[in-house]
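**Q** Okay, here's the structure, questions in a sec.
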Amino acid sequence: MTRRWQIVRVELVGGRGERFDYPPGRVLILPPATTFDQLGLAIDNAFARWDLSHLRTFTLADDTRVCDEELADDLDSSPFDAIPRTMLLSAKVKASVATGEQFAYVFDLGDQWTHLCTVEGTGDPETVYGIVPNLPVPVWGWGTIPDQYGRRWADDTGDDDEAPEPRHPNPLTDPWLASTGPTPVVDMGAVCAATDGPALTDALTGVELDSALQQIGDHLLRTFAVTPSRQRGSLQSVMLSIHGRLMMRGWEGDEALAEELLAQLDGNHLPGRPVPVNLDDLDIALSDHSAEYPGGYLNTDTGEVVPAFMAHGGYVDEPIDVEDDAWLYVEPVSSRTGWEDMETFAESVSDPTLRDLLTRAIAGKGAFRRFKDVLHQDADDATRTRWRLEEQDRSLGRARALLASHGIRSVARTGPTVVG
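Residues are numbered in my numbering as their position in the sequence shown, beginning at 1, plus a constant of 235.
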């Protein structure tokens with residue numbers, strides 16, 4: 236059943252001897268049983284008044300005064316002017332004013348905060364406000380609300396026009412101007428040790444995640460798969476966050492992992508043919524720049540990854556049969572790609588001195604060694620940790636991207652294995 240509650244527009248037209256050219260306003264929705272006293276209190280709260288120990292009075296279009304019993308007695312017994320019509324504040328608003336009618340509300344008979352109230356119509360509170368309140372509530376508003384006593388700061392007495400020095404920004408309320416310090420980097424040891432949704436969510440809360448999204452996403456996939464449906468609530472939110480971060484970061488393999496996360500969340504078939512490939516083993520092949528036989532081979536049926544020399548009889552008794560369509564040659568990534576990883580990391584370092592040292596370290600031959608020397612000698616633990624996480628994340632992402640390009644999805648737990 237559709238509810239038809241009154242909607243009242245309230246404009247503050249003046250107070251403390253001042254009239255407002257552009258009155259601030261609020262629109263309130265009123266339950267059917269709302270009294271004038273309840274409406275007055277709701278208006279005062281909507282206009283940020285904290286001292287409510289003052290009288291309030293309404294004046295209807297026919298000059299009826301709505302007030303408390305004591306003021307009504309005073310008006311009735313006054314020897315001045317005509318005896319007014321009065322009504323107590325306990326009267327129902329809906330029974331007294333109709334759509335289109337206007338009436339006035341005055342709070343504090345000394346400062347005379349005066350409001351023009353207009354009944355604009357009716358509406359269903361659940362549609363207008365979202366819930367069904369038991370008291371009048373504001374649903375719209377505009378304008379600058381004046382202080383009830385004209386105070387400009389906490390101890391303003393009104394006697395001194397000179398404002399105090401502004402307070403320094405507080406990091407809790409002004410994070411753009413004041414920082415509480417760097418966010419700690421995610422502890423992947425704690426992440427991997429978490430075996431259920433709440434523990435994993437706790438390990439991923441309040442820390443910097445973007446350096447390890449591949450590693451986090453991989454662990455999320457495994458944890459989500461073994462977590463009972465009723466305990467997946469917190470994990471779902473985290474997985475959506477990691478999905479969004481992967482799509483925003485856009486490194487190699489990020490989109491493939493994001494698709495896996497989303498498919499698992501939606502309960503859909505995961506993309507790619509499942510093969511038990513160890514991504515760390517695949518990364519070893521991608522990083523193998525041996526002079527004679529660089530790279531490696533991946534068996535796309537079994538997931539086995541072997542060094543490239545195992546395809547040659549001079550090194551092993553039974554070389555793999557590379558003519559078999561199941562074996563895929565894994566070409567190592569170029570050293571240029573590794574150099575670009577260092578360049579990108581150096582540019583992301585916030586400390587200008589360390590950023591300059593890293594930038595100069597990667598110029599010319601010996602860049603990889605000098606880069607690691609600078610990290611070891613001049614960087615703090617957090618920066619070194621972030622580099623190790625990013626280096627591992629890029630490697631896992633490239634391995635995942637290679638598999639995705641061949642329609643394969645790894646279903647093996649990451650972690651290097653011994654080949655031999």
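Cβ coordinates follow ideal geometry from the N, Cα and C atoms, glycine included.
My understanding is that Phe293 touches Tyr364, with C-beta atoms under 8 Å, so please give their C-beta distance in whole angstroms.
**A** Along the sequence shown, read from residue 1 onward, the residue named residue 293 stands at position 58. Along the sequence shown, read from residue 1 onward, the residue named residue 364 stands at position 129. Their Cβ separation, rounded to whole angstroms, is 23 Å, which puts Phe293 and Tyr364 out of contact at 8 Å.
**Q** Assuming contact is defined by CB atoms lying nearer than 8 Å, are Ser446 and Asp628 in contact in what I supplied?
**A** Counting from one through the sequence shown, the residue named residue 446 turns up at place 211. Counting from one through the sequence shown, the residue named residue 628 turns up at place 393. Contact flag set, yes.
**Q** Of all the options Asn534, Val328 and Asp552, which has the alpha carbon lying nearest to the alpha carbon of Phe271?
**A** The residue you call residue 271 lines up with position 36 of the sequence shown. Among Asn534, Val328 and Asp552, the Cα nearest to that of Phe271 belongs to Val328.
**Q** Do the segment 566–578 and the segment 532–542 meet, that is, are 3 or more Cβ pairs less than 8 Å apart?
**A** The segment 566–578, when compared against the segment 532–542, does not touch it at the 8 Å Cβ threshold.
**Q** Give the straight-line distance between the Cα atoms of Ala413 and Glu625, rounded to the nearest whole angstrom.
**A** Sequence index remark: in the sequence shown, residue 413 carries index 178 (1-based). Sequence index remark: in the sequence shown, residue 625 carries index 390 (1-based). Residue placement at Ala413 cannot be trusted, given a pLDDT of 48 that sits under 50; what the coordinates show is reported in the next sentence. Roughly 27 Å separates the two Cα atoms.
**Q** Output needed for Gly642: all residues of its chain with C-beta closer than 6 Å, excluding positions within five of it in sequence on either side, in chain order.
**A** Translated into positions along the sequence shown, residue 642 becomes position 407. So the qualifying residues of the chain are Gly507 and Arg508.
**Q** Threshold first: 4 residues or longer. Then list the alpha helix (DSSP H) segments lying entirely within the segment 281–322, N to C.
**A** Counting whole runs of 4 or more residues, the segment 281–322 contains the alpha helix (DSSP H) stretches 304–311.
**Q** Is the segment 449–469 touching the segment 489–499 in the sense that three or more CB pairs, one from each, lie closer than 8 Å?
**A** Yes: at least three Cβ pairs fall under 8 Å.
**Q** Under three-state DSSP, which class holds Phe580?
**A** To locate residue 580, count along the sequence shown from 1; it is residue 345. It is helical.
**Q** State the beta-bridge partners of Cys427 as determined by DSSP.
**A** As a first step, residue 427 must be located in the sequence shown, where it is residue number 192. Per DSSP, none; premise fails for Cys427.
**Q** Just confirm the distance between the C-beta atoms of Leu351 and Glu246, as a whole number of angstroms; I'd bet it's less than 8 Å.
**A** Indexing the sequence shown from 1 puts residue 351 at position 116. Indexing the sequence shown from 1 puts residue 246 at position 11. Yes, they are in contact, since the Cβ atoms of Leu351 and Glu246 sit about 5 Å apart, within 8 Å.
**Q** Give the straight-line distance between the Cα atoms of Ala429 and Met545, rounded to the nearest whole angstrom.
**A** As a position in the sequence shown, residue 429 is number 194, starting the count at 1. As a position in the sequence shown, residue 545 is number 310, starting the count at 1. Ala429 and Met545: Cα-Cα distance of roughly 38 Å.
**Q** May I have the straight-line CA-CA distance separating Ala596 from Asp516, to the nearest angstrom?
**A** On the sequence shown, residue 596 is found 361 positions in, with the first residue counted as 1. On the sequence shown, residue 516 is found 281 positions in, with the first residue counted as 1. Each residue's Cα considered, the two are about 30 Å apart.
**Q** Quick check on His454: does DSSP put it in helix, strand or coil?
**A** Within the sequence shown, numbered from 1, the residue matching residue 454 stands at position 219. DSSP places His454 in helix when its eight states are reduced to three.
**Q** Inspect the beta-carbon positions of Gly470 and Gly432 and report whether they are closer than 8 Å.
**A** In the sequence shown, residue 470 corresponds to position 235, counting from 1. In the sequence shown, residue 432 corresponds to position 197, counting from 1. Note that residue 470 corresponds to Leu in the displayed sequence, not to Gly. Contact flag set, yes.
**Q** Please classify His181: does DSSP put it in a helix, a strand, or coil?
**A** There is no way to answer for residue 181, as the model of the chain reaches only from 236 to 655.
**Q** Using CA atoms only, rank isn't needed, just tell me which of Leu290, Leu496, Arg635 and Asp309 is closest to Gly345.
**A** Residue numbering aside, residue 345 sits at position 110 when the sequence shown is read from its first letter. Looking at the Cα atoms, Leu290 is the closest of the given residues.
**Q** My output table needs one value for Pro368: the three-state DSSP class, helix, strand or coil.
**A** Position 133 of the sequence shown holds residue 368. Looking at Pro368 - three-state DSSP - the assignment turns out to be coil, as it is neither helix nor strand.
**Q** Would you list the one or two residues that DSSP bridges to Phe342?
**A** Position 107 of the sequence shown, counted from the start, is the residue given in the question as residue 342. Its beta-bridge partners are Arg291 and Trp348.
**Q** Measure the C-alpha to C-alpha separation of Asp608 and His524 and round it to an integer number of angstroms.
**A** Within the sequence shown, residue 608 is the residue found at index 373, counting from 1. Within the sequence shown, residue 524 is the residue found at index 289, counting from 1. Asp608 and His524: Cα-Cα distance of roughly 21 Å.
**Q** Give the secondary structure of Gln241 by DSSP, where H, G and I count as helix, E and B as strand, and everything else as coil.
**A** On the sequence shown, residue 241 is found 6 positions in, with the first residue counted as 1. Here Gln241 sits in strand by DSSP.
**Q** Nearest CA to the CA of Thr572: which residue from Tyr550, Ala277, Phe603 and Ala330?
**A** What you label residue 572 is simply residue 337 of the sequence shown in a count that begins at 1. Out of Tyr550, Ala277, Phe603 and Ala330, Phe603 has the C-alpha closest to the C-alpha of Thr572.
**Q** Excluding sequence positions up to five away, which residues of its chain have a Cβ less than 6 Å from the Cβ of Ala307?
**A** What you label residue 307 is simply residue 72 of the sequence shown in a count that begins at 1. Here the set comprises Thr321.
**Q** Ignore the nearest five residues each way along the sequence and tell me which others in Ala398's own chain have a CB closer than 8 Å to its CB.
**A** Residue 398 sits at position 163 when you count from the first residue of the sequence shown. Closer than 8 Å at the Cβ level, and outside the excluded window around Ala398, lie Arg387 and Trp388.
**Q** Measuring only the C-alpha atoms, how far is Arg619 from His611?
**A** Position 384 of the sequence shown, counted from the first residue, corresponds to residue 619. Position 376 of the sequence shown, counted from the first residue, corresponds to residue 611. Distance between the alpha carbons of Arg619 and His611: 7 Å.
**Q** Below 8 Å on the Cβ atoms is my contact criterion, and I expect Arg261 with Ala281 to pass it. Report the Cβ-Cβ distance as a whole number of Å.
**A** Within the sequence shown, the letter at position 26 stands for residue 261. Within the sequence shown, the letter at position 46 stands for residue 281. Sure, about 4 Å apart at Cβ, within 8 Å.
**Q** With DSSP collapsed to three states, give me the class of Glu336.
**A** In the sequence shown, the residue the question calls residue 336 occupies position 101. Reduced to three states, the DSSP call for Glu336 is coil.
**Q** Please go through the segment 501–560 and give each complete alpha helix (DSSP H) segment of 4 or more residues, from N-terminal end onward.
**A** Runs found: 514–521.
**Q** From Gly632 to Val551, what does the alpha carbon distance come to, in whole angstroms?
**A** Taking the first residue of the sequence shown as position 1, residue 632 is located at position 397. Taking the first residue of the sequence shown as position 1, residue 551 is located at position 316. Cα to Cα, Gly632 sits roughly 31 Å from Val551.
**Q** Excluding the five sequence neighbours on either side, which residues of its own chain have a C-beta within less than 7 Å of the C-beta of Gly385, listed in chain order?
**A** Locating residue 385 in the sequence shown gives position 150, counting from the first residue. So the list reads Arg251 and Gly393, once near-sequence residues are dropped.
**Q** Just list the residues that DSSP pairs Glu355 with in beta bridges.
**A** Within the sequence shown, residue 355 is the residue found at index 120, counting from 1. In DSSP, Glu355 forms no bridge with anything.
**Q** Please classify Thr349: is it buried, with 16 or more other beta-carbons within 10 angstroms of its beta-carbon, or exposed?
**A** Taking the first residue of the sequence shown as position 1, residue 349 is located at position 114. Under this definition Thr349 is a buried residue.
**Q** Quick one, are the C-beta atoms of Val541 and Val512 less than 8 Å apart?
**A** Start at 1 with the first residue of the sequence shown, and residue 541 comes out as number 306. Start at 1 with the first residue of the sequence shown, and residue 512 comes out as number 277. No, they are not a contact pair.
**Q** Can you tell which of Arg244, Asp297 and Gly249 has the C-alpha that lies nearest to the C-alpha of Ser331?
**A** By one-based count along the sequence shown, residue 331 stands at place 96. Comparing Cα positions, the closest option is Asp297.
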